[in-house]
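What follows is a set of notes on a single structure, which appears directly below.
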Ligand code: FES
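Numbering (this note's numbering), first residue to last: 153 to 267.
What follows is the structure, encoded as structure tokens:
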């Protein structure tokens with residue numbers, strides 16, 4: 153089974169096996185998602201807003217909740233990309249937060265012109 157994830161505002165879409173996390177999916181399709189800690193729930197640079205499919209992600213655990221407490225502009229549909237696995241065969245729409253895009257371009261200054 154596979155899921156599709158569309159990343160905004162990059163406008164890229166990727167198909168991944170069910171069980172993949174949003175951070176890994178972003179890496180596959182070149183979406184501009186930050187990941188300063190490398191995906192171990194030790195930062196909040198992979199902060200996203202899940203516009204479609206929020207209920208079909210792996211549930212939020214305590215560690216993620218704690219990390220999100222320290223994130224900027226947290227909303228009811230906020231998740232950390234590295235902690236959120238897609239669980240259903242469906243389309244997910246994910247908006248990369250400003251915080252996360254900024255972190256991405258700090259990590260990859262050579263890509264800044266492609267914003
Ligand atoms: S990449 Fe650091 S918490 Fe997700």
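Note that the Cβ used here is the ideal one computed from N, Cα and C, for glycine as well.
task = Could you give the DSSP three-state label for residue 187: helix, strand or coil?
result = coil
query = Is the closest heavy atom of the ligand FES to the C-beta of residue 172 under 7 Å?
reply = no
inquiry  = When you measure from the CB of residue 210 to every non-hydrogen atom of the ligand FES, does any distance come out below 7 Å?
reply    = no
ask   = residue 174 bridges to which residues according to DSSP?
value = Bridge partners of residue 174: none, in fact.
message = With the cut-off set at 8 Å, would you say residue 200 and residue 252 are in Cβ contact?
response = yes
request  = Could you tell me whether the stretch 221-229 touches the stretch 159-166, using the rule of 3 or more Cβ pairs below 8 Å?
outcome  = no
message = Any residue with its Cβ nearer than 5 Å to a heavy atom of the ligand FES should be included. What is that list in chain order?
response = 187, 189, 191, 193, 195, 198, 232, 234
task = Spell out the partners DSSP gives residue 164 in its beta bridges.
result = 159
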